[in-house]
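**Student:** Numbering (our numbering), first residue to last: 290 to 436. Glycine included, C-beta positions come from ideal geometry on N, C-alpha and C. One structure, as structure tokens, below. Some questions next.
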């Protein structure tokens with residue numbers, strides 16, 4: 290009984306954290322993708338290697354789906370019923386899975402090495418942070434089941 294109440298109490302701050310993290314991912318991925326498309330791979334804050342294009346594409350997708358997931362999570366937090374849980378959890382699972390793919394490209398980017406600029410490294414760090422926070426959010430959203 291107490292698990293559900295604790296889960297519901299922690300969902301709100303975690304949604305705020307996820308929203309900020311996904312907005313940062315969106316901003317960094319959009320900026321980096323713009324520089325990458327313009328052919329400015331030698332920009333001091335970008336750099337990268339052969340996996341950069343895939344990382345940026347999936348990071349941009351991750352940010353967009355993540356913001357949608359937070360929106361559905363806020364609506365579920367307001368209602369906190371099983372009907373709203375379906376939308377919130379399905380978007381959260383989708384967001385987590387696309388974030389996991391982006392983190393896979395982060396790992397590949399680190400393994401390939403080369404010059405990775407500060408913004409690209411920051412994007413990599415926020416992708417890992419969003420993967421962990423989204424997994425925690427998934428656990429807390431489903432904690433209502435024990436309530």
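1) Which residue spans inside the region 357-433 form an unbroken beta strand (DSSP E) run of at least 3?
2) Identify, in the order they occur along the chain, each residue of the same chain with its Cβ nearer than 7 Å to the Cβ of residue 417, setting aside the five sequence neighbours on each side.
3) Under 8 Å, with one C-beta from each stretch per pair, do the region 296-309 and the region 394-409 reach the 3-pair mark?
4) Quick check on residue 336: does DSSP put it in helix, strand or coil?
5) For residue 413, which residues in the same chain have their Cβ closer than 6 Å to its Cβ, ignoring the five residues on either side in sequence?
6) So, helix, strand or coil for residue 290, using DSSP?
7) Can residue 355 and residue 377 be called in contact, C-beta distance under 8 Å?
8) Taking just the CA atoms, how far does residue 397 sit from residue 324?
9) Where does residue 337 land, buried or exposed, given buried means 16+ other C-beta within 10 angstroms?
10) Counting C-beta neighbours from all protein chains within 10 Å, is the total for residue 381 16 or more, i.e. buried, or is it exposed?
11) Using the three-state DSSP reduction, which class does residue 327 fall into: helix, strand or coil?
**Tutor:** Looking at the coordinates:
1) Runs found: none.
2) Take residue 417, set aside five residues on each side of it, and the residues of its chain with a beta-carbon closer than 7 Å to its own are 392, 395, in chain order.
3) Taking 8 Å as the limit for Cβ pairs, the verdict is that the region 394-409 does not touch the region 296-309.
4) DSSP places residue 336 in strand when its eight states are reduced to three.
5) 395, listed in sequence order.
6) Note that residue 290 has pLDDT 44, beneath the 50 cutoff, so the model's placement of it is unreliable and the number below is only indicative. Residue state, collapsed to three classes: coil.
7) No, the Cβ-Cβ distance between residue 355 and residue 377 is not below 8 Å.
8) Distance between the alpha carbons of residue 324 and residue 397 is about 21 Å.
9) By the neighbour-count rule (16 or more Cβ atoms within 10 Å), residue 337 is buried.
10) With 16 or more Cβ atoms within 10 Å of its Cβ, residue 381 is classed as buried.
11) Collapsing the DSSP output to three states places residue 327 in coil.
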